[in-house]
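Protein chains in written order, with the working numbering: chain A, 71 to 548; chain B, 71 to 548.
Structure first, commentary second.
2 protein chains.
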Amino acid sequence: MEASAFRGPAGRTTTGTLSRFVVETGADEIPGAVLVAARDALIDTLGVALAGACERAAHIAARWVEENGSRPRATLWGRALRTSAAEAAFANGVSAHALDFDDSHPGARGHASASLIPAAIAAGEVVGASGREVLAAYAIGLEVAAKIGRIVGNGHLQRGWHPTASVGLIGSTAVAARLWGLEATQLERAWGVAGSQVGGLVRNFGTMTKPFHAGHAARSGLFSAWMAKQGFTADNTIFDEPGGIFAIYAGGDGDPAEAVVASLAKPWEILDPGNFVKRWPCCYSNHRALGGLYTLIEKHALRAEEITEVAIGFLPGGDRALVSHNPKTGLEGKFSIEYVIAAALLDGPITLGTFTDAMVQRAPVQALMQKVHRIRIPDDKVYSGIAGHNEIAVTTPRGRFTLRAERVPGSPAWPMTAPDRATKFGDCTEPALGPAGTVQLLDRLQCCVELADIREITAATVPAHNSLGRTTPGKVRA
Amino acid sequence: MEASAFRGPAGRTTTGTLSRFVVETGADEIPGAVLVAARDALIDTLGVALAGACERAAHIAARWVEENGSRPRATLWGRALRTSAAEAAFANGVSAHALDFDDSHPGARGHASASLIPAAIAAGEVVGASGREVLAAYAIGLEVAAKIGRIVGNGHLQRGWHPTASVGLIGSTAVAARLWGLEATQLERAWGVAGSQVGGLVRNFGTMTKPFHAGHAARSGLFSAWMAKQGFTADNTIFDEPGGIFAIYAGGDGDPAEAVVASLAKPWEILDPGNFVKRWPCCYSNHRALGGLYTLIEKHALRAEEITEVAIGFLPGGDRALVSHNPKTGLEGKFSIEYVIAAALLDGPITLGTFTDAMVQRAPVQALMQKVHRIRIPDDKVYSGIAGHNEIAVTTPRGRFTLRAERVPGSPAWPMTAPDRATKFGDCTEPALGPAGTVQLLDRLQCCVELADIREITAATVPAHNSLGRTTPGKVRA
Numbered sequence: 071m072e073a074s075a076f077r078g079p080a081g082r083t084t085t086g087t088l089s090r091f092v093v094e095t096g097a098d099e100i101p102g103a104v105l106v107a108a109r110d111a112l113i114d115t116l117g118v119a120l121a122g123a124c125e126r127a128a129h130i131a132a133r134w135v136e137e138n139g140s141r142p143r144a145t146l147w148g149r150a151l152r153t154s155a156a157e158a159a160f161a162n163g164v165s166a167h168a169l170d171f172d173d174s175h176p177g178a179r180g181h182a183s184a185s186l187i188p189a190a191i192a193a194g195e196v197v198g199a200s201g202r203e204v205l206a207a208y209a210i211g212l213e214v215a216a217k218i219g220r221i222v223g224n225g226h227l228q229r230g231w232h233p234t235a236s237v238g239l240i241g242s243t244a245v246a247a248r249l250w251g252l253e254a255t256q257l258e259r260a261w262g263v264a265g266s267q268v269g270g271l272v273r274n275f276g277t278m279t280k281p282f283h284a285g286h287a288a289r290s291g292l293f294s295a296w297m298a299k300q301g302f303t304a305d306n307t308i309f310d311e312p313g314g315i316f317a318i319y320a321g322g323d324g325d326p327a328e329a330v331v332a333s334l335a336k337p338w339e340i341l342d343p344g345n346f347v348k349r350w351p352c353c354y355s356n357h358r359a360l361g362g363l364y365t366l367i368e369k370h371a372l373r374a375e376e377i378t379e380v381a382i383g384f385l386p387g388g389d390r391a392l393v394s395h396n397p398k399t400g401l402e403g404k405f406s407i408e409y410v411i412a413a414a415l416l417d418g419p420i421t422l423g424t425f426t427d428a429m430v431q432r433a434p435v436q437a438l439m440q441k442v443h444r445i446r447i448p449d450d451k452v453y454s455g456i457a458g459h460n461e462i463a464v465t466t467p468r469g470r471f472t473l474r475a476e477r478v479p480g481s482p483a484w485p486m487t488a489p490d491r492a493t494k495f496g497d498c499t500e501p502a503l504g505p506a507g508t509v510q511l512l513d514r515l516q517c518c519v520e521l522a523d524i525r526e527i528t529a530a531t532v533p534a535h536n537s538l539g540r541t542t543p544g545k546v547r548a
Numbered sequence: 071m072e073a074s075a076f077r078g079p080a081g082r083t084t085t086g087t088l089s090r091f092v093v094e095t096g097a098d099e100i101p102g103a104v105l106v107a108a109r110d111a112l113i114d115t116l117g118v119a120l121a122g123a124c125e126r127a128a129h130i131a132a133r134w135v136e137e138n139g140s141r142p143r144a145t146l147w148g149r150a151l152r153t154s155a156a157e158a159a160f161a162n163g164v165s166a167h168a169l170d171f172d173d174s175h176p177g178a179r180g181h182a183s184a185s186l187i188p189a190a191i192a193a194g195e196v197v198g199a200s201g202r203e204v205l206a207a208y209a210i211g212l213e214v215a216a217k218i219g220r221i222v223g224n225g226h227l228q229r230g231w232h233p234t235a236s237v238g239l240i241g242s243t244a245v246a247a248r249l250w251g252l253e254a255t256q257l258e259r260a261w262g263v264a265g266s267q268v269g270g271l272v273r274n275f276g277t278m279t280k281p282f283h284a285g286h287a288a289r290s291g292l293f294s295a296w297m298a299k300q301g302f303t304a305d306n307t308i309f310d311e312p313g314g315i316f317a318i319y320a321g322g323d324g325d326p327a328e329a330v331v332a333s334l335a336k337p338w339e340i341l342d343p344g345n346f347v348k349r350w351p352c353c354y355s356n357h358r359a360l361g362g363l364y365t366l367i368e369k370h371a372l373r374a375e376e377i378t379e380v381a382i383g384f385l386p387g388g389d390r391a392l393v394s395h396n397p398k399t400g401l402e403g404k405f406s407i408e409y410v411i412a413a414a415l416l417d418g419p420i421t422l423g424t425f426t427d428a429m430v431q432r433a434p435v436q437a438l439m440q441k442v443h444r445i446r447i448p449d450d451k452v453y454s455g456i457a458g459h460n461e462i463a464v465t466t467p468r469g470r471f472t473l474r475a476e477r478v479p480g481s482p483a484w485p486m487t488a489p490d491r492a493t494k495f496g497d498c499t500e501p502a503l504g505p506a507g508t509v510q511l512l513d514r515l516q517c518c519v520e521l522a523d524i525r526e527i528t529a530a531t532v533p534a535h536n537s538l539g540r541t542t543p544g545k546v547r548a
């Protein structure tokens, strides 16, 4: 196709323009920097998923896979267990989001990689796609997810839906369509099928159903693409009005669909604004305030025992995802600014080990949490956890220390360094793969763009010995 | 439990009250008339599903099942193909709703049986439940679905969601929870998981994705119950505010949750108002007007060639589901009052054969459709296809004949007779099972309440020879 063909000329539907972008963008139209950014996202997502595979939510998802016993064509990362592409995408999606340590994208308004990368790798695995094809499919899926997120706006979340589930499903459908060679008209219908599976409730934050949202999006995306390729029919203009998906699910504060779609790949969303990579394994809405706190701790040598009060100012909606004010479990602690602030003051670094039930239930941290308060910053707009700023005020007998936190740690404005990333990857994967397995997987991921077959990577996600912490060996199938 | 324990005492959540009703209602608390009505619903649903299994949507669903190759534990009705409980529920749900010939329930505001019965039979099949247990689970699931439908109101559909998908999912989750022995607290969480899969767009009416809605509800209900039984966590008060599922999905015109839940089984929804059974294999929103037209045809000996105009009056919302004004395919014809009126005038009886592409595309019927017009009946309320009335006016050179149609054919107010039902069942199942297979299956269904194992019924849904029209024998697995 000509480069201009998917740029939304008059008379083409939004659905049709998006669909042609997904299936017709040539491999040579995707800049090298896009593939490098996609490779980095693969590294981060595989890493956090291998850590997440040890979580109870991921164990239950794996049991579901075992129960169904589907034809073994795709890999559950971190397990000696293979299943169908759709069920692998589901289980790996749960693992990827289980720790809430996975990246997010401001345009997609959530954890897009946690569904798109499991979808891309499982869809690629069953057809033996190359590393480059998988990376391209992910970047294109993220491009679509970000555009959909911009159209549904922040109000979509405020109305009660989790974009990781909803926006992720639209993107995952695109990823599978690309890798499985759907025609544009087939993808239009695949999105119609996907449209009837859009969901994901914010109300489930702080439970295992939040990581389920990523798995659900990945699995349903593969399902929708597969069905449409077989000729299953559905509405083929689901992103167009009247009565389309935006009329039902958009928040009222999004950007106009036509303008958003006209900006496809100009610039690529994976480059600008790019993925926000998590420094700490907790909800992203904590990160900017936590980064600001660490700045204050370092600057003023703050100590936990001298704290009288910590006030964290949030713009309207800024702490919508931080649903737990008084957490008692590790999972609840991830969604509690009170806990992460108290833990950082008491313990210093926030790590995977910070979010166990025992750590949250410690008496000193429970006591310190009572001194952390949320303050409302007045504003006419409603913000997500990443947009806007926080105000931090720490009161001690020796003075009151304040900071206006503007930059989000792990974002392009305050990026993780290469050593930071490698440390995070190793911390995440060594419990499952051991040091040698970690090096092998990282090596293959680093050269993903040159791999002839993505199965070189999925093979390296399987522990040489069944080293995964809480697996029940008797239940694992070869 | 005591009979009063689930009647919603102060302090219990709506979610908890519903959950205890599902898992704690004793077998001896379910009246015989409820089981008989459930048995009749099983007969009707199995019948239309065996006819629906020949449809292209059901063939593609069966291919999905073959592609995944899950452990063969449950039966695809009408096929020599077995799979997991969840995938069987999915494929049978698609078959049950594929022809839009399945029953509906005014409380559930859609085709509840098309998801609940596939869910009940597949869930029962894998644990060897008795016929009585399956019937009880279905009746209880329908009770819940009807209450949820009354709470979300007709506005839920008007906002763009298909209750067959959304309400059906909540009910199917209850069905599986009952048959798989979940505790009340586990079902509360199962509904949390299900809540994040609620969806189903009216926009997809007239495509294969409408029958997908029933399959999706059945499959996701089994999945949600299974995950919760394994300990997967989710919000456990999803039917309670603030930010619960009703806040997000209800239409604003429903009944208050507390009052609705207080009326559980008083009387049983399956008895009053009971299921509305379809006389004709098209959208139920056509039926009342079509029944009225047949009354006028009989009374005035109307002939197609003398028609000048047919005006069908709809109350606000009454033709919301009839999305096709100018159908060109058999599937579109099911959602077109213009087509069914024209076909009835031209052909007399409306049968399965009425809804082929060729029949819809006939020149005489296309010409007659142009004479059928929809008229708006002013009213302050918004109605679904079953509530309210229609006004019919047929104009001919020899006069104008009018009728106010109040009763819905197949409803308790105008029920199908026993011979009507048997004729419908045979019309539906003989192409797949042949006459002997039809008699055998009907015999077992008639005595379902005494069957020790529901597998006596599922075994009888498999054709003795692979007689199903469009199956590809090479692809069918033993």
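The beta-carbon is built from N, C-alpha and C at its ideal position, and this holds for glycine as well.
Since this is a predicted model, take the numbers as computed values, not measurements.
For residue i, I'd like the list of residues in its chain whose CB is within less than 6 Å of its CB, leaving aside the five on either flank, ordered along the chain.
| i | result |
| --- | --- |
| residue 510/A | 530 |
| residue 54/B | Nothing can be reported for residue 54/B: it is not among the residues displayed for chain B, which extend from 71 to 548. |
| residue 358/B | 460, 475, 478 |
| residue 508/A | 496, 499, 500 |
| residue 345/A | 111, 173, 175 |
| residue 343/A | 176 |
Once DSSP output is grouped into helix, strand and coil, what is the label at residue i?
| i | result |
| --- | --- |
| residue 381/B | strand |
| residue 121/B | helix |
| residue 442/B | strand |
| residue 133/B | helix |
| residue 357/B | helix |
| residue 464/A | strand |
| residue 549/B | With chain B covering only 71 through 548, there is no way to say anything about residue 549/B. |
| residue 194/B | helix |
| residue 291/B | helix |
| residue 402/A | helix |
| residue 278/A | coil |
| residue 529/A | helix |
For a cutoff of 8 Å on Cβ pairs, would you count residue i as touching chain B?
| i | result |
| --- | --- |
| residue 130/A | yes |
| residue 140/A | yes |
| residue 297/A | yes |
| residue 282/A | yes |
Would you say residue i faces chain A, with C-beta separation under 8 Å as the test?
| i | result |
| --- | --- |
| residue 228/B | no |
| residue 133/B | yes |
Got a sec? Which residues, its chain only, sit under 7 Å from residue i by beta carbon, not counting five neighbours each side?
| i | result |
| --- | --- |
| residue 276/B | 393, 394, 401, 402, 405 |
| residue 538/A | A caution first: residue 538/A carries a pLDDT of 47, below 50, which makes its placement in the model unreliable, though a value can still be read off. 123, 124, 148, 149, 502. |
Can you tell me which residues form a DSSP beta bridge with residue i?
| i | result |
| --- | --- |
| residue 144/B | 153/B |
| residue 472/B | 463/B |
| residue 174/A | 346/A |
| residue 271/B | 231/B |
| residue 321/A | Paired residues: none, contrary to the question. |
| residue 180/A | 175/A |
Requested in this report: Quick one: which residues of the stretch 299-320 of chain A get their C-beta closer than 8 Å to a C-beta of chain B? List them in chain order.
Outcome: Along the stretch 299-320 of chain A, the positions whose C-beta sits under 8 Å from a C-beta of chain B are 300, 301, 302, 303, 304, 305, 308, 313, 314, 315, 317, 318, read in chain order.
Report task. Check each residue of the stretch 449-461 of chain A: if its Cβ is closer than 8 Å to any Cβ of chain B, include it; give the result in chain order. Result -> Taking 8 Å as the cut-off between beta carbons, none of the residues of the stretch 449-461 of chain A comes near chain B.
Query raised in the report: Listed in chain order, which residues of the stretch 255-278 of chain B have Cβ atoms closer than 9 Å to some Cβ of chain A?
Result: Taking 9 Å as the cut-off between beta carbons, the residues of the stretch 255-278 of chain B near chain A are 259, 262, 263, 265, 266, 267, 268, 269, 270, 271, 272, 273, 274, 275, 276, 277, 278, in sequence order.
Requested in this report: For the stretch 421-448 of chain B, enumerate the residues whose C-beta is nearer than 7 Å to any C-beta of chain A, in chain order.
Outcome: Against chain A - using a Cβ distance shorter than 7 Å - the stretch 421-448 of chain B contributes no residues.
Query raised in the report: Given a limit of 8 Å on CB to CB distance, which residues of the stretch 117-129 of chain B reach chain A?
Result: Per Cβ criterion, the list reads 126, 127.
Query raised in the report: Which of the residues in the stretch 141-159 of chain A, read from start to end, lie with their CB under 8 Å from any CB of chain B?
Result: Here the close residues are 141, 154, 156, 157.
Query raised in the report: Can you list, in chain order, the residues of the stretch 324-340 of chain A whose Cβ is nearer than 9 Å to any Cβ on chain B?
Result: Among the residues of the stretch 324-340 of chain A, none has a Cβ less than 9 Å away from any Cβ of chain B.
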